[in-house]
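Some notes on the structure that comes next.
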Amino acid sequence: MTRANAAGSLSPDIPYVPAGSRRIILAYLTLAMVALALGGLVGPFQALNSIGVNLYDYLPVTSYYHGLTLHGVLLVLVWTTFFIAGFLSLVTIHGFQRPLSSRGLERLAFWSMTLGLLVAAVPILLNRATVLFTAYPPLRAHPAFYIGLALVVIGTWLLSANVFLTYRDWRRENPGKRTPLIAFGAMVTLAMWDLASLGIAVEFVALLIPWSLGLVEGTNVLLARSLFWFTGHPIVYFWLLPTYLSWYFMMPKQVGGKLFSESLARLAFLLFIPMSLPVGFHHQYTDPGVPTSWKLVHAFFTFVVFFPSALTMFTVLASLETGGRARGGKGAVGWFFRLPWKDPSVTAQLLAMILFALGGISGLINASYNLNLSVHNTLWVVGHFHLTVGTAVTLSFMGITYWLIPYLTGRALYSPGMARLQAWLWFIGMALMGRGQHWLGILDAPRRTMLSDAPYYAAEWLTPSYLVAAGGIVLTVSGFLYLLNMALTAWASRVPAQVEVPMAEPLQDEAAMPVALDRLRPWVVGSAILTAAAWVPMLWYMTVAHPWTIRGFTMW
Amino acid sequence: MDIDRLERFWIMISIAVLAALMLAIVYSVRGFGVEVPTDVGQVDPRTARETEPFNQPGVRQVGPGHYEVVMLAEAWRFEPSEVRVPAGSTVTFRLTSLDVIHGFRIPNTNVNLMVQPGQVVEATHRFNEPGTYHLFCHEYCGAGHHIMDGMLIVER
Ligand code: HEM
Ligand SMILES: [Cu+2]
Ligand SMILES: [Cu+2]
């Protein structure tokens, strides 16, 4: 609900959300968008570089790799994490219909993340941390880079502590009630992340920070790398679960439908806690020092973790179908076209889903153990994650902000038409670029490489590279329209917003839902045990048997 | 908990497809012998140049039709950077890195390796046809990463 005050500015009066929380949520989202803008800016330069057009003289970065570090860190770490922090804060407050339990923790989480971001940003911008977002040792960045990122992770822990405290308070007043769906989604996401982020926390705090400070001379490269991937795979579910939260628990409402099956939705969410963790070695199929038996175990679990995503595909589509039919859609596919494509928030997320299906399929190939040999570290992988985190997640987050920013600011979206166009352009741009990158990967073109200057550039790489360049330009236009629309909404929109937080209702009241589907603790404990079994023996072996003497290098 | 009939069907299909893919992988490993690298030991990068077999980078014949290529990776070159083997031979590549992590990719083959300091990495491939392979490093290793390459020449 919104009131226009005398001066004509709009001040929203949003239920349950204290003014201070609203400011913090908006600050998270603003920082996310700044990261999207700066990181995205480098994208077209990379895309054009693959056709041999080197425009890096016009970009204030020192090298291709300096730009790529900015692109990777800002987009995949900052844009996602800061958006999620803001979104899940709102979802928790709205779901439980009460403010977060601790104002102090809320501020501390925000400042830990923001300070961490600033501390890490300085060495990155000054070309003192050109190690790409994976930061594999023995490439050694300035210590501030690792310290800053560690502070960001700690901030996410503080946020999740606050969410769990809020749950505790809510539960005390609502014994026996089922956890509201959206709040449940937020809690599962954060529980999974708290477990998952232990890997990178240990990597940074125990290995890389002391090493970069010069307190120890050498480090253990493969152990660090494995700890990175302990977190590095589940982090994709840290991005995807908030996306699924919107697809499952919000979109049905936005399209005028119902959540098809509450129990399977909850089950899918919960399954991600155990299943996203014992899989990290699928990023290390081509690594030395890891026995094939362990790689195969992680390959097996990787296939298992596809299962909850397959469930998601069914439930989400079936839920959307209830909406399409309620709107008069007929036939096997007719309902799909009857969905409210006029609503940019819906359009963006529907298009995101379509490309996600393709990204999921290329992910199956990456996961396929020895098939990975033909795609590992090629542009195929880059195509895969631009369809997944770059579209399924990013375009969905954009779609969410099309209602969320109006909701938080009280100002109607400046231009829904521009927003729809933006979503379609992102879809088209990513389809082109993704196609080009997958194709390049099959032709063995490496990723993370300044192709314009590579002596082994093969003639056959040029045609697909044109797709990448064309897609990159379309995407840049789309990204610009998005940010423009957001800025105009914040500063120029004079129309009061008429939005609510969309919250879907289940199709049936499932009185008989098993209680285990509304409990976190057994899932977390089970996941911890499974994770320990899948990781501790190898990590221990690396700790005792692999060299700790590897010196650091600054190679840029 | 009641599950919709169609959804039950979908669950079954998903599980069946994933299981079939998993079996296909196991079959391709056992049946075609396409295997990923495994743990073949460690070596200290500071002394690797004096350590067997890295004290003698290069090609040597280890059996009838079987060659071994020992290579060192360092910023931003492979040593040796050119290798010749006869067509029809089976070649085992054995590498380590003297500084940061590098990659080792021979296009159009299954040879795709991460070359790490402290670790020995190995892959074997059979080269049937004569030809030239422009191999390269495909893991970011610093400012000159994109110029790190080598030649593998399969001779008649
Ligand atoms: C304007 C839109 C974008 C364009 C044109 C673009 C283009 C590219 C290109 C060409 C690469 C390959 C560079 C290389 O491997 O040498 C790349 C890498 C990457 N992109 Fe994007 N991208 C865009 C948006 C995004 C978004 C929205 C995300 C994620 C949210 C993203 C995440 C990444 C990541 C994680 C990498 C890999 C960085 C690394 O290897 O260290 N990109 N991008
Ligand atoms: Cu992964
Ligand atoms: Cu390299």
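If you read the sequences in order, they're chains A and B.
Quick note: the first sequence uses our numbering, first residue 123, plus one each step.
Quick note: the second sequence uses our numbering, first residue 29, plus one each step.
Note that CB positions come from ideal geometry on N, CA and C, so glycine has one too.
Check: Contact test: tryptophan 369 of chain A Cβ vs ligand 1 heavy atom, cutoff 7 Å; Outcome: no
Check: Near-chain B residues of the stretch 569-584 of chain A (beta-carbon distance less than 8 Å), N- to C-terminal order; Outcome: Arg569, Arg570, Thr571, Met572, Leu573, Asp575, Ala576, Pro577, Tyr578 and Ala580
Check: Any non-hydrogen atom of ligand 1 closer than 7 Å to arginine 570 of chain A Cβ; Outcome: yes
Check: Whether threonine 365 of chain A touches serine 518 of chain A by CB criterion (8 Å); Outcome: yes
Check: Closer than 8 Å to chain A by CB, tyrosine 95 of chain B; Outcome: no
Check: 8 Å Cβ cutoff met for arginine 388 of chain A and phenylalanine 306 of chain A; Outcome: yes
Check: Residues that methionine 179 of chain B bridges to, as DSSP identifies them; Outcome: B/Glu110 and B/His162
Check: Which residues DSSP lists as bridging isoleucine 672 of chain A, in chain order; Outcome: A/Thr341
Check: Inter-residue Cα distance where the pair is phenylalanine 707 of chain A and alanine 149 of chain A; Outcome: Outside the shown range of chain A (123 to 678) lies residue 707 of chain A, about which nothing can therefore be said.
Check: Opening and closing residue of the beta strand (DSSP E) in which alanine 534 of chain A lies; Outcome: Per DSSP, alanine 534 of chain A belongs to no beta strand (DSSP E) and is neither H nor E.
Check: Inter-residue Cα distance where the pair is tyrosine 289 of chain A and valine 438 of chain A; Outcome: 26 Å
Check: heavy atom of ligand 5 below 7 Å from tyrosine 187 of chain A C-beta; Outcome: The model on display carries ligand 1, ligand 2 and ligand 3 but not ligand 5.
Check: Range covered by the alpha helix (DSSP H) that runs through glutamate 295 of chain A; Outcome: 265-295
Check: C-beta neighbour in chain A for leucine 51 of chain B, strict 8 Å; Outcome: no
Check: Boundaries (first-last residue) of the alpha helix (DSSP H) holding alanine 101 of chain B; Outcome: Not the alpha helix (DSSP H): alanine 101 of chain B falls in the beta strand (DSSP E), residues 94-102.
Check: Beta-carbon neighbours of valine 504 of chain A, restricted to chain B and to distances below 9 Å; Outcome: Under the 9 Å cutoff, chain B gives no residues; its nearest Cβ is about 12 Å from valine 504 of chain A.
Check: Residue(s) in a DSSP beta bridge with serine 117 of chain B; Outcome: B/Phe155
Check: Anticipated Cβ contact below 8 Å, phenylalanine 164 of chain B with tyrosine 529 of chain A, distance rounded; Outcome: About 50 Å separates the two Cβ atoms, so there is no contact after all.
Check: Per-residue DSSP class, three states only, for asparagine 138 of chain B; Outcome: coil
Check: Alpha carbon of glycine 521 of chain A to alpha carbon of arginine 616 of chain A, nearest angstrom; Outcome: 21 Å
Check: Separation of serine 383 of chain A from proline 628 of chain A, as counted between CA atoms; Outcome: 7 Å
Check: Short CB-CB distance (under 8 Å) between threonine 66 of chain B and chain A; Outcome: yes
Check: The stretch 656-674 of chain A / the stretch 337-355 of chain A touching (three or more Cβ pairs under 8 Å); Outcome: yes
Check: Element boundaries [beta strand (DSSP E), containing valine 87 of chain B]; Outcome: 86-91
Check: Minimum C-alpha distance to leucine 247 of chain A - residue among A/Leu597, A/Met635, A/Met373 and A/Thr184; Outcome: A/Thr184
Check: Whole alpha helix (DSSP H) elements within the stretch 442-466 of chain A, 4-residue minimum; Outcome: 453-460
Check: Beta-bridge pairing of histidine 130 of chain B - partner residues as DSSP gives them; Outcome: B/Val143
Check: Nearest-angstrom Cα separation, counted from leucine 190 of chain A out to aspartate 179 of chain A; Outcome: 15 Å
Check: Test: phenylalanine 507 of chain A CB closer than 8 Å to a CB of chain C; Outcome: Looking at the structure shown, chain C is missing, and the protein chains on hand are A and B.
Check: Collapsed DSSP secondary structure at serine 125 of chain B in the structure displayed; Outcome: strand
Check: is_contact[tyrosine 55 of chain B, chain A] using C-beta, thresh 8 Å; Outcome: no
Check: Backbone secondary structure at threonine 66 of chain B - three-state DSSP; Outcome: coil
Check: Cβ of tryptophan 333 of chain A within 8 Å of any chain B Cβ; Outcome: no
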